[in-house]
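Chains as they are written, first to last, in the numbering used here: chain Z, 1 to 392; chain C, 1 to 392. All remarks here apply to the structure that follows.
Laid out in structure tokens, this is it:
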């Protein structure tokens with residue numbers, strides 16, 4: 001069945017960063033109200049609500065779905081559900097919203113992604129995120145995600161060549177892009193040389209990953225309003241979800257080839273196929289650069305370059321601002337920030353801006369098609385979406 | 001749109017109790033394999049998987065959806081998603097499965113509910129469950145669920161009369177029913193007198209709730225296979241989901257009347273309406289007796305008795321085994337056990353047995369219609385389903 005009968009008709013996005021005064025509830029409530037205001041619909045018109053949040057110990061709120069109802073008394077008695085797929089929880093909530101609409105049970109759906117991370121120490125955050133690893137193998141359970149992606153970078157060097165300079169180029173690009181994004185967590189130019197040099201201000205986090213290869217610990221939230229084809233016509237702006245595909249892989253690392261990124265590849269290629277477009281048709285992409293090595297591997301999964309040659313997408317300028325297919329104009333998880341459960345919704349909310357001519361930050365001029373790729377764990381829960389501009 | 005176009009075609013159910021040797025992964029894998037075997041379908045035929053699990057600190061596995069894929073290599077690359085709505089997480093997963101089928105994106109869906117609780121101390125379990133309360137009010141966040149339902153029982157006495165003897169009758173009934181259920185956690189006759197008397201073996205847990213008013217800490221899992229109307233015809237057995245309704249209420253207690261149970265009432269009445277049946281048509285009900293006072297309030301939400309008179313449903317024998325509308329023939333959460341994220345799926349799995357003439361435990365002879373009610377928090381996430389026998 002065609003998923004292009006669901007559209008995004010409004011969006012909202014908080015500032016990303018260390019939002020000391022905001023609780024998880026504040027983040028959820030503010031972005032819910034902002035999305036309703038952006039849609040210019042009454043809360044009573046919303047048929048169902050979905051929340052993407054990872055949690056895993058980041059906050060004590062173990063049952064957050066109904067917190068969305070706190071935004072407006074008219075939301076009382078609406079169905080509200082939390083969806084979780086680690087760092088792709090936001091996309092899991094969007095997928096659930098799409099299914100609710102295509103099922104015929106809802107015409108207008110609010111999807112929120114939110115995460116409150118900075119009230120924890122770095123040790124606590126690392127522990128919570130490690131909950132997204134496989135727990136039933138002592139060795140794997142003991143790995144942090146930076147160690148895990150560090151392992152992938154080391155394997156990449158063994159199999160092909162050192163990915164470190166490409167990774168530094170990715171970091172420098174995404175930091176530069178974030179300079180224009182007022183909602184990004186970091187606004188600091190980071191030169192390629194800085195990112196490519198281990199130093200006191202850029203130490204190893206998990207060899208060979210350096211500080212600049214890692215995304216951030218972030219508080220933030222984003223929301224979108226989804227509408228059925230029929231209902232979408234009544235909105236001023238419309239961006240169609242031409243294809244959204246979810247592919248889950250095995251959780252244990254031991255059952256997978258780390259570098260193959262098979263789940264991402266299948267999700268992306270299948271979403272492109274569903275939308276009946278090729279890479280040539282895309283005007284921009286926002287992809288899951290939780291670590292710079294991940295963005296490099298995603299270039300290869302997209303087909304921008306053969307396996308082991310992702311660096312060419314950088315060297316040829318393809319993925320740069322102004323290039324043929326700019327990647328992470330927002331600054332990406334690397335510099336925009338990565339409030340894990342919010343990230344998938346953030347990608348869709350920012351793409352809505354791009355495709356309706358009101359980008360937050362750098363523009364992909366006259367963009368018609370955008371590709372979004374959000375993942376949970378290391379290529380375990382993979383979601384790719386192709387969006388098309390309809391009405392600005 | 002009619003939800004009766006989704007059916008249950010197979011089910012599986014673990015033993016409930018203290019399953020010391022089983023990890024969360026074991027519980028999920030075993031029940032997934034058992035459901036596939038019961039359906040007599042190859043794993044490759046499953047289009048999507050949904051998992052209900054609450055967690056909130058019970059286990060370190062913060063990203064469990066892909067654990068379902070561990071059951072069979074052919075599940076690799078299928079979409080798998082965790083849904084959470086506290087103790088109604090199992091029903092949240094079922095609702096997501098129904099939407100996936102009605103959306104046209106899936107024909108055959110596997111839904112698993114699982115929870116591993118007993119590897120924690122009582123203090124840890126109480127803390128994890130308290131994560132389902134409202135965290136942004138210090139007073140509410142400090143309440144355990146037994147204190148909360150104790151408050152409801154105290155308010156009931158103030159407004160109507162003491163509910164304690166009705167609560168004891170519910171405990172005695174559910175323990176008696178569980179005697180016939182080989183999968184139940186407790187197999188022990190508990191007399192009305194024992195349940196209605198505070199003693200060394202039946203102390204106050206949270207006044208006026210006694211030990212026998214509280215459900216159990218349980219490990220367990222259940223699974224069902226859902227099929228589209230078209231696909232269901234190819235299965236030997238079929239139970240139609242005639243109506244499933246989800247209603248969420250505000251999380252903070254301060255915004256609600258505890259005794260009104262408005263969310264449960266709306267969900268149940270709306271599910272009955274959707275299925276075009278009345279209480280008279282029902283042959284059995286399984287309802288969320290996390291505390292005996294909850295079952296009493298659910299009688300009133302169902303309309304079995306006016307508010308404040310739920311005890312009449314017991315006195316008149318309506319809800320007893322052999323009565324007009326037996327409630328919790330399985331033993332209920334009270335005696336069958338309550339692995340929180342599994343409970344909603346357990347209700348549907350056992351109802352599948354009842355409605356295909358192979359009950360696990362006590363029978364509702366020649367049953368055609370069953371009502372299921374599962375809730376998260378105190379009447380916060382409310383799911384009611386009406387099931388109808390199609391083919392045994």
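Glycine residues also receive a C-beta, built at the ideal position from the N, C-alpha and C atoms.
Please report the residue range of the alpha helix (DSSP H) in which residue i lies.
i, result
"residue 147/Z", "145-159"
"residue 57/Z", "From DSSP, residue 57/Z is part of no alpha helix (DSSP H); its letter is neither H nor E."
"residue 123/Z", "122-130"
"residue 205/Z", "No alpha helix (DSSP H) holds residue 205/Z; the beta strand (DSSP E) holding it covers 204-206."
"residue 48/Z", "No alpha helix (DSSP H) contains residue 48/Z, which is instead part of the beta strand (DSSP E) from 48-52."
"residue 97/C", "89-102"
"residue 67/C", "Looking at the DSSP string, residue 67/C is not in any alpha helix (DSSP H), and its letter there is neither H nor E."
"residue 334/C", "332-335"
"residue 352/C", "343-355"
"residue 167/Z", "164-178"
"residue 360/C", "It is not in any alpha helix (DSSP H) - residue 360/C carries neither H nor E in the DSSP assignment."
"residue 139/Z", "138-141"
"residue 311/Z", "311-315"
"residue 29/C", "24-39"
Given a cut-off of 8 Å, decide if residue j and residue i are closer than it, judged by their beta-carbon atoms.
i, j, result
"residue 89/C", "residue 377/C", "no"
"residue 5/Z", "residue 102/Z", "yes"
"residue 333/Z", "residue 343/Z", "yes"
"residue 135/C", "residue 61/Z", "yes"
"residue 245/C", "residue 66/Z", "no"
"residue 15/C", "residue 71/C", "no"
"residue 248/C", "residue 285/Z", "no"
"residue 356/Z", "residue 237/Z", "yes"
"residue 163/Z", "residue 153/Z", "yes"
"residue 46/C", "residue 352/C", "no"
"residue 387/Z", "residue 242/Z", "yes"
"residue 373/C", "residue 264/C", "yes"
"residue 50/C", "residue 83/C", "yes"
"residue 211/Z", "residue 337/Z", "no"
"residue 279/Z", "residue 325/Z", "yes"
Given that residue i touches chain Z, what residues does it touch there, using C-beta distances under 7 Å?
i, result
"residue 76/C", "249 and 250"
"residue 317/C", "Ordered by position in chain Z, no residue passes the 7 Å Cβ test against residue 317/C, which lies about 33 Å from the chain."
"residue 69/C", "248 and 250"
"residue 92/C", "81"
Under 9 Å between beta-carbons, which chain C residues line up against residue i? List them in chain order, please.
i, result
"residue 174/Z", "The contacting residues do not exist; residue 174/Z stays about 25 Å from chain C at best."
"residue 266/Z", "77"
"residue 23/Z", "135 and 136"
"residue 54/Z", "62 and 63"
"residue 128/Z", "62"
"residue 341/Z", "Near residue 341/Z there are no residues of chain C at all, since even the closest Cβ is about 11 Å away, more than 9 Å."
Based on DSSP bridge pairs, tell me the residues matched to residue i.
i, result
"residue 214/C", "291/C"
"residue 10/Z", "225/Z"
"residue 231/C", "None; residue 231/C has no bridge partner."
"residue 327/Z", "285/Z"
"residue 381/C", "248/C and 376/C"
"residue 199/C", "202/C"
"residue 388/C", "240/C and 369/C"
"residue 219/Z", "17/Z"
"residue 113/C", "52/C and 222/C"
"residue 108/C", "227/C"
"residue 304/Z", "BP columns for residue 304/Z are empty, so no partner."
"residue 209/Z", "206/Z"
Please list, in chain order, the chain Z residues whose beta carbon lies closer than 9 Å to that of residue i.
i, result
"residue 115/C", "Those do not exist, as residue 115/C stays about 12 Å from chain Z at its closest Cβ, beyond 9 Å."
"residue 380/C", "63, 65 and 66"
For the beta strand (DSSP E) containing residue i, name the first residue and the last one.
i, result
"residue 83/C", "80-84"
"residue 375/C", "369-376"
Chain Z partners of residue i, CB-CB under 8 Å?
i, result
"residue 301/C", "Neighbours of residue 301/C on chain Z: none; closest Cβ ~14 Å, over 8 Å."
"residue 83/C", "81, 82, 83, 84 and 96"
"residue 57/C", "57 and 62"
Taking C-beta pairs closer than 8 Å, name the residues in chain C that residue i reaches, listed in chain order.
i, result
"residue 263/Z", "77"
"residue 146/Z", "Under the 8 Å cutoff, chain C gives no residues; its nearest Cβ is about 17 Å from residue 146/Z."
"residue 243/Z", "Those do not exist, as residue 243/Z stays about 11 Å from chain C at its closest Cβ, beyond 8 Å."
Since residue i meets chain C, which of its residues come closer than 7 Å, beta carbon to beta carbon?
i, result
"residue 151/Z", "Per Cβ cutoff of 7 Å: no residues; residue 151/Z is ~18 Å from chain C at best."
"residue 132/Z", "62 and 63"
- Message: My parser needs the beta strand (DSSP E) runs of 3 or more residues fully inside the stretch 238-294 of chain Z; what are they?
- Response: Within the stretch 238-294 of chain Z, the runs of beta strand (DSSP E) that reach at least 3 residues and sit entirely inside it are, in chain order, 238-248 and 284-287.
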